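Q:
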Amino acid sequence: MDNPSQPIFNSATLTANIIAALAQVREQKPLVVNITNYVVMNNTANALLAIGASPIMTHSRQEMAEMMQISGSLVINIGTLDNEWIQRMQFAVEQANANNKPIVLDPVGCGASVLRTHTARTLAAKANNLIIRGNASEIIALAGETSQTKGVDALDSSDTALVAAQTLVAQYQANVVISGEVDYVVTASQTIRLRNGHHMMPYVTGMGCSLTALTGAFAAIGETSGLAATAIYAIVGEIAAEQSAGPATLQLNIIDGLYQISAEQIQQRLNMAVVAS
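Per the working numbering, residue 93 is the first one in the sequence shown, and the count goes up by one each step.
(1) Smallest Cα separation from I347: which of I358, S354, G329 and E334?
(2) Tell me where the beta strand (DSSP E) around I224 begins and ends.
(3) Can you list, in chain order, the residues of its chain with a C-beta nearer than 6 Å to that of V244? Leave out the 5 residues immediately preceding and following it.
(4) Can you grab the Cα-Cα spacing for the pair Q116 / I313, in whole Å?
(5) Output needed for H290: all residues of its chain with C-beta closer than 6 Å, excluding positions within five of it in sequence on either side, in chain order.
(6) I'd like the ranges of any alpha helix (DSSP H) spanning at least 4 consecutive residues and lying wholly in the region 119 to 200.
(7) Can you tell me where the alpha helix (DSSP H) with A302 in it begins and where it stops?
(8) Ignoring anything shorter than 3 residues or poking outside the region 260 to 300, list the beta strand (DSSP E) runs there in chain order.
(9) Flag this pair as yes or no: are the beta carbons of V185 and A305 separated by less than 9 Å?
(10) Taking C-alpha atoms, which residue in I224, L254 and N169 lies nearest to E237?
(11) Check whether the region 313 to 328 touches the region 105 to 115, counting contact only when three or more Cβ pairs, one atom from each stretch, lie closer than 8 Å.
(12) Measure the alpha-carbon distance for S205 versus G164 and round it to whole angstroms.
(13) What does a CB cutoff of less than 7 Å around Q179 pick up in its chain, not counting 5 residues either side in sequence?
(14) According to DSSP, simplified to helix, strand and coil, what is V244?
(15) Between the region 214 to 225 and the region 268 to 278, do three or more beta carbon pairs fall short of 8 Å?
(16) Would you tell me roughly how many angstroms separate the C-alpha atoms of I284 and A355, rounded to the nearest one?
(17) Rounded to whole angstroms, how far is the Cβ of Q182 from the Cβ of K218, which I believe are closer than 8 Å?
(18) Buried or exposed: Q352, going by 16 or more other Cβ atoms within 10 Å of its Cβ?
(19) Around the Cβ of Q282, are there at least 16 other Cβ atoms within 10 angstroms (buried) or fewer (exposed)?
(20) Can you pull the DSSP bridge partners for S205?
(21) Rank V274, E273 and L234 by C-alpha distance to the C-alpha of A257 and give the top, closest one.
(22) Leaving aside the five residues before and after D251 along the sequence, list all residues of the same chain whose C-beta is less than 6 Å from its C-beta, in chain order.
(23) So the candidates are R361, I327 and Q360; which of them puts its Cα closest to the Cα of N345?
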């Protein structure tokens, strides 16, 4: 596996890097291949379009080799699993590795069933240049620890998943994003805490799945820590919630917010701290 360790940066440099990454995504419009679940395909495609990327929701083995040659990254979301999808996901990972493309894995519901846990671990072990994005319970379960989960919902706090995330960084040479009330980005060199977002976001299905897809867009232009996507998405959610009467309008306003988010808003809103390096 590749070693995705990141250089150590201070908060000011990290903020500048986030803003620069956003500009690159909008300029380059990277193609992001998504193997994702039926529930969120429309949401995640729209999120990618709004941020400036180009999504393709492809699942066929017959075209995957071609797609991975021209794409910037591969996003795999295991939300709606069956044996056929698992085989497609494994083949897609092989093709991404062969073309040296970053892979973003969302281990949806890892820990809720043997199938999900085994599939997530198998895909993580196969992947080179890996970014893992999950909630705290999924990260804990993926690392082989005991988590508290209810289906695909986390019952653990982000803080409790930090040790598990560090285990995954070492085991899979991956970068790890823990999503929750507080978000963490964990790499081999740094742990970064983000306190943006809004308590209404978990009331819309696929919020984490959209973040996973956006992580793929930024990985496609070389930002493989997961930080830029996590920071921008949380800020957008925070702004959108201020304009929303409830979850339905929040979903719409997040799409608009991704399209409209500016460097000035990032600088003004970002609540970030480097907590370990």
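Beta carbons: idealized from backbone N, C-alpha and C, even for Gly.
Note that this is a predicted model, so its numbers are computed, not measured.
A: In this structure, then:
(1) Along the sequence shown, one-based indexing puts residue 347 at 255. If we check each option's Cα against that of I347, G329 comes out closest.
(2) Here the question's residue 224 lines up with position 132 in the sequence shown. Element bounds for I224: L222 to N227.
(3) Sequence index remark: in the sequence shown, residue 244 carries index 152 (1-based). Confidence is the limiting factor: at V244 the pLDDT is only 47, short of 50, which leaves the residue's position unreliable, though a coordinate-based value still follows. Within the same chain, V244 has close Cβ partners V200 and G201.
(4) Residue mapping note: residue 116 aligns to position 24 of the sequence shown, counting from 1. Residue mapping note: residue 313 aligns to position 221 of the sequence shown, counting from 1. Computed Cα separation, rounded: 7 Å.
(5) The residue labelled residue 290 in the question sits at position 198 within the sequence shown. G329, E330 and A333, listed in sequence order.
(6) 133 to 143, 153 to 162 and 175 to 190
(7) Position 210 of the sequence shown, counting from 1, holds the residue named residue 302. At residue 302 the sequence reads Ser, which differs from the Ala that was named. Unbroken alpha helix (DSSP H) run through S302: M299 to A312.
(8) 267 to 271, 275 to 278 and 283 to 286
(9) If you number the sequence shown from 1, residue 185 lands on position 93. If you number the sequence shown from 1, residue 305 lands on position 213. For V185 and A305, no; Cβs fall outside 9 Å.
(10) Taking the sequence shown and counting its residues from 1, the one referred to as residue 237 is at position 145. Closest option to E237, Cα to Cα, is L254.
(11) yes
(12) By 1-based counting over the sequence shown, the position of residue 205 is 113. By 1-based counting over the sequence shown, the position of residue 164 is 72. If you take the alpha carbons of S205 and G164, they lie about 31 Å apart.
(13) Walking along the sequence shown from the start, residue 179 turns up at place 87. Correct list: empty, nothing qualifies.
(14) Translated into positions along the sequence shown, residue 244 becomes position 152. Its pLDDT being 47, under 50, V244 is placed unreliably in this model, and the value from its coordinates should be taken loosely. In this structure, V244 counts as coil in the three-state DSSP scheme.
(15) yes
(16) Locating residue 284 in the sequence shown gives position 192, where the first residue counts as 1. Locating residue 355 in the sequence shown gives position 263, where the first residue counts as 1. When rounded, the distance between both Cα atoms is 20 Å.
(17) Here residue 182 refers to the residue found at position 90 when the sequence shown is read from its first residue. Here residue 218 refers to the residue found at position 126 when the sequence shown is read from its first residue. Indeed, because the Cβ distance is near 6 Å, the residues count as touching under 8 Å.
(18) As a working note, residue 352 is residue 260 in the sequence shown. It is exposed - the Cβ of Q352 has fewer than 16 other Cβ atoms within 10 Å.
(19) Start at 1 with the first residue of the sequence shown, and residue 282 comes out as number 190. The residue in question, Q282, is buried, as its Cβ has 16 or more Cβ neighbours within 10 Å.
(20) As a position in the sequence shown, residue 205 is number 113, starting the count at 1. The partner list for S205 (beta bridge, DSSP) reads C202.
(21) Locating residue 257 in the sequence shown gives position 165, counting from the first residue. Nearest option by C-alpha distance: L234.
(22) Residue numbering aside, residue 251 sits at position 159 when the sequence shown is read from its first letter. Taken in chain order, the list of residues that qualify is empty.
(23) Locating residue 345 in the sequence shown gives position 253, counting from the first residue. It is I327.
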